[in-house]
Amino acid sequence: MTIRKIFAGLLIAAACFPAFAAEEVIFKFKNVTLDATPYTAFYVYSRTAQKYRNKEVVLKLKIRRSEGSAPLKARFRCSTNPGNQLRATRNFKIDYGKNGETVPVELRFTVPDLDNIHHFNVLFEFARNGKEKTVWHLTEVRCCKPDPDSEQKNQNPTK
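Heads up: the sequence shown at position 117 corresponds to 119 in this note's numbering, and the numbers run straight through without jumps.
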């Protein structure tokens with residue numbers, strides 16, 4: 003079988019089965035463990051951020067709590083220049099499993115239609131429960147264009 007036939011077969015499979023199609027990644031981030039520092043944020047800056055104004059974006063990741071009981075919270079934030087002023091926020095409810103269970107999460111949000119976007123980010127944090135040690139692992143973190151056929155997860159913002 004020639005390379006052309008293999009490549010043509012892969013293209014046909016991707017068209018017929020969207021699960022085989024590659025997601026369009028805007029930005030990939032490093033894996034993070036939250037323990038001593040109970041928060042982290044994943045940033046998309048300036049030109050890239052401005053390119054997605056008034057468009058939907060999805061932050062995809064896998065989460066796992068290995069110790070403790072503190073829930074994980076997430077918040078989308080968008081800031082503009084001059085002055086790096088916070089202009090928009092949105093809180094997300096995170097559904098997660100039992101300790102030790104890895105759960106895929108998709109947070110969908112629309113970047114506001116603002117001029118001079120300095121950055122947008124998604125902040126993850128947990129509140130400490132006294133002296134109890136809580137450890138969260140955030141892996142395979144990436145910001146993507148939405149797949150119109152995908153199930154919408156964690157769409158309900160909290161008030």
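Ideal Cβ positions, reconstructed from N, Cα and C, are used throughout, including at glycine.
Residue burial classification, residue i (beta-carbon count within 10 angstroms, cutoff 16)
i, result
"Val143", "buried"
"Thr136", "buried"
"Ala38", "exposed"
"Ser48", "exposed"
"Ser71", "exposed"
"Asn101", "exposed"
"Ala24", "exposed"
"Lys95", "exposed"
Delimiting residues of the beta strand (DSSP E) encompassing residue i
i, result
"Ser81", "75-82"
"Lys30", "27-30"
"Thr112", "105-112"
"Thr39", "Element bounds for Thr39: n/a, residue is neither H nor E."
"Thr141", "137-146"
Other residues of its chain near residue i: CB distance less than 6 Å, five sequence neighbours each side excluded
i, result
"Ala51", "Ile119, His121, Phe122"
"Asn83", "Asn118, His120"
"Pro106", "Lys64"
"Val60", "Glu108, Arg110, Cys146, Pro148"
"Arg66", "Thr104, His139"
"Cys80", "Arg89, Ala90, Pro114, Phe122"
Delimiting residues of the alpha helix (DSSP H) encompassing residue i
i, result
"Ser68", "Run containing Ser68: none in the alpha helix (DSSP H); it sits in the beta strand (DSSP E), 58-69."
"Thr91", "Unbroken run through Thr91 is the beta strand (DSSP E), 87-94; no alpha helix (DSSP H)."
"Thr50", "48-53"
Neighbourhood of residue i by C-beta, 7 Å cutoff - its chain only, sequence neighbours within 5 removed
i, result
"Glu26", "Cys146, Lys147"
Neighbourhood of residue i by C-beta distance below 8 Å, restricted to the same chain and skipping five residues each side
i, result
"Arg130", "Pro40, Ala72, Thr136"
Does the stretch 90-103 touch the stretch 43-56, meaning 3 or more C-beta pairs lie closer than 8 Å? no
Does the stretch 24-31 come within contact of the stretch 127-144, defined as at least 3 CB pairs closer than 8 Å? yes
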